[in-house]
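Notes follow the structure.
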Amino acid sequence: MEGWVEATVVENKRWNQRLCSLRVTADELPEFRAGQFLRLGLEVDGELVARPYSLVNAPHEAEGEFYFNKVDEGPLSPRLHSLEQGGKVWLSKMVAGFLTLDDIPPGKRLWMLATGTALGPFLSILKTEQVWQQYQQVMLVHGVRSADELAYSDLISEIQKQQGENFVFLKSVTREIVVDALPQRIPDAIAAGHLEALLGVTINPDEDRVMLCGNPGMVEGCVTQLEIKGLKRHRRRNPGQVVMEIYK
Ligand SMILES: Cc1cc2nc3c(=O)[nH]c(=O)nc-3n(C[C@H](O)[C@H](O)[C@H](O)COP(=O)(O)OP(=O)(O)OC[C@H]3O[C@@H](n4cnc5c(N)ncnc54)[C@H](O)[C@@H]3O)c2cc1C
């Protein structure tokens with residue numbers, strides 16, 4: 730099929746009943762920059778049904794990885810969720826997206842704010858050398874509803890071990906009390922000054938860069954709060970400090 734690569738499932742890891750990570754291999758995986766997405770597709774009743782998914786693996790890694798949740802009423806994600814080792818899935822050769830380090834002007838601190846499965850593209854970026862060369866400090870904030878949605882904790886701990894004080898990880902869990910987690914949504918945590926207080930910094934347009942990824946409410950809420958601090962969306966012709974990707 731022109732424009733598509735057939736990939737084989739190496740593993741479909743289930744984090745809970747809805748969340749999973751699909752690892753795939755193919756003769757030639759599409760090239761991409763960390764933070765970008767491609768389309769995953771399956772044939773359903775003779776038609777290709779495809780949706781965008783961020784790559785979780787880093788560009789230098791041999792296998793493709795995708796982190797997603799099963800949306801019961803959706804035509805694709807329940808089918809992707811039920812794939813097993815040896816199953817086949819189509820990958821678009823075309824990759825896209827501006828949630829990359831090359832799409833945001835350099836700064837001192839980089840904030841990665843994610844809800845749910847939007848953690849994925851940030852893991853890809855965190856696995857590159859580029860992010861540690863470009864920023865003095867990187868803060869990853871992962872917002873979820875319940876503790877069983879806090880996936881990839883081993884990988885995050887590994888990055889913490891390697892990077893020490895250069896890397897800070899914060900979780901926000903909104904529907905249950907979790908030790909060490911912020912109890913409110915990420916935009917509310919910014920508004921209340923909790924992110925800044927926890928890290929002892931003041932977010933400002935000279936030093937801070939922000940990447941947002943996830944549901945529209947979180948992304949829009951964060952943009953509003955960041956604008957109050959003088960940060961604005963980055964566009965090539967009108968440079969700013971904030972880049973984003975909305976999953977919808
Ligand atoms: C640029 C981009 C990158 C994306 N990357 C990812 C990714 O890495 N992981 C991922 O899980 N999803 C991602 N999505 C969403 C994904 O493309 C699908 O929409 C989602 O998996 C549902 O697919 P579906 O065909 O089953 O249902 P769809 O018909 O696509 O959607 C059904 C409903 O579910 C909502 N929905 C979409 N995404 C989610 C979600 N993550 N959680 C809950 N509800 C959702 C939609 O708004 C819609 O109302 C991305 C979307 C975009 C635009």
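Per the working numbering, the sequence shown starts with residue 730, numbered consecutively.
The C-beta atom is built at its ideal place from N, Cα and C for all residues, glycine as well.
Within the same chain, show all residues whose beta-carbon is closer than 6 Å to that of Leu-812, passing over the 5 residues directly before and after it, in chain order.
-> As a working mapping, residue 812 is identified with position 83 in the sequence shown. Same-chain partners within the cutoff: Val-738 and Asn-741.
Whole beta strand (DSSP E) runs in the segment 884-959 with 3 or more residues, listed along the chain?
-> 896-902 and 937-943
Integer-rounded CB distance, given that Ala-787 should sit under 8 Å from Ala-763 = Here residue 763 refers to the residue found at position 34 when the sequence shown is read from its first residue. Here residue 787 refers to the residue found at position 58 when the sequence shown is read from its first residue. With a Cβ gap of about 6 Å, Ala-763 and Ala-787 count as contacting.
What did DSSP end up calling Val-753 once you bin it into helix, strand or coil?
-> Against the sequence shown, residue 753 aligns to sequence position 24. Of the three classes helix, strand and coil, the one that applies to Val-753 here is strand, per DSSP.
Say yes only if the C-beta of Gly-980 is nearer than 6 Å to one or more non-hydrogen atoms of ligand 1, and no if none qualify.
-> Past the edges of the chain, shown from 730 to 977, lies residue 980, and the structure says nothing about it.
If you measure from the CB of Arg-965, is any heavy atom of ligand 1 nearer than 6 Å?
-> Looking up residue 965 in the sequence shown gives position 236. Arg-965 Cβ: outside cutoff for every heavy atom of ligand 1.
Cβ distance (whole Å) where Leu-769 is taken to contact Val-818 below 8 Å = Along the sequence shown, read from residue 1 onward, the residue named residue 769 stands at position 40. Along the sequence shown, read from residue 1 onward, the residue named residue 818 stands at position 89. The Cβ separation is near 6 Å, so the contact holds.
Report yes if the C-beta distance between Lys-837 and Gln-865 is below 7 Å; otherwise report no.
-> As a working note, residue 837 is residue 108 in the sequence shown. As a working note, residue 865 is residue 136 in the sequence shown. Yes, these two residues count as a Cβ contact at 7 Å.
Contact check, Met-940 vs Leu-828, beta carbons under 7 Å = Locating residue 940 in the sequence shown gives position 211, counting from the first residue. Locating residue 828 in the sequence shown gives position 99, counting from the first residue. In this structure, Leu-828 lies closer than 7 Å to Met-940 by Cβ.
Option nearest Gly-959 by Cα separation, candidates Gly-969, Gly-950 and Arg-965 | Taking the sequence shown and counting its residues from 1, one reaches residue 959 at position 230. Comparing C-alpha distances from Gly-959 to each of Gly-969, Gly-950 and Arg-965 shows the shortest one belongs to Gly-969.
Contact test: Thr-846 Cβ vs ligand 1 heavy atom, cutoff 6 Å = On the sequence shown, residue 846 is found 117 positions in, with the first residue counted as 1. Yes - ligand 1 has a heavy atom lying nearer than 6 Å to the Cβ of Thr-846.
Report the residue from Ala-910, Leu-805, Ser-821 and Ala-736 whose alpha carbon sits nearest the alpha carbon of Leu-869.
-> Working through the sequence shown from its first residue, we reach residue 869 at position 140. The option with the nearest alpha carbon to Leu-869 is Ala-910.
Identity of the residues DSSP links to Lys-961 by a beta bridge = By one-based count along the sequence shown, residue 961 stands at place 232. DSSP, once it has assigned bridges, lists no residue as partnering Lys-961.
Residues bridged to Ser-783 by DSSP?
-> To locate residue 783, count along the sequence shown from 1; it is residue 54. The partner list for Ser-783 (beta bridge, DSSP) reads Phe-766.
With a cut-off of 8 Å on the beta carbons, I'd call Cys-942 and Ile-919 a contact; round off their distance for me.
-> Counting from one through the sequence shown, the residue named residue 942 turns up at place 213. Counting from one through the sequence shown, the residue named residue 919 turns up at place 190. Between Ile-919 and Cys-942 the Cβ distance is about 15 Å, and since that is not below 8 Å, they are no contact.
Should Arg-780 be counted as a contact of ligand 1 given a C-beta to heavy atom distance under 6 Å?
-> Mapped onto the sequence shown, residue 780 falls at position 51. In this structure, Arg-780 has its beta carbon less than 6 Å from a heavy atom of ligand 1.
Please classify Gly-969: does DSSP put it in a helix, a strand, or coil?
-> As a working mapping, residue 969 is identified with position 240 in the sequence shown. Of the three classes helix, strand and coil, the one that applies to Gly-969 here is coil, per DSSP.
To which residues does DSSP link Phe-797 through a beta bridge?
-> Translated into the one-based positions of the sequence shown, residue 797 becomes position 68. BP columns for Phe-797 point to Cys-749.
Using a Cβ-Cβ cut-off of 8 Å (strictly less than) and excluding sequence neighbours within five positions of Thr-953, which residues of its own chain qualify?
-> Counting from one through the sequence shown, the residue named residue 953 turns up at place 224. Cβ neighbours of Thr-953 beyond the five flanking positions: Pro-916.
Have a look at Val-971 and Gly-845 and give me their C-alpha separation to the nearest angstrom.
-> Here residue 971 corresponds to residue number 242 of the sequence shown, with the count starting at 1. Here residue 845 corresponds to residue number 116 of the sequence shown, with the count starting at 1. Their backbone Cα atoms lie some 19 Å apart in a straight line.
In angstroms with no decimal places, state the Cα-to-Cα distance between Ile-932 and Arg-962.
-> Taking the sequence shown and counting its residues from 1, one reaches residue 932 at position 203. Taking the sequence shown and counting its residues from 1, one reaches residue 962 at position 233. Cα-Cα distance, rounded: 15 Å.
Report yes if the C-beta of Val-800 is less than 6 Å from at least one heavy atom of ligand 1; otherwise report no.
-> Translated into positions along the sequence shown, residue 800 becomes position 71. Yes.
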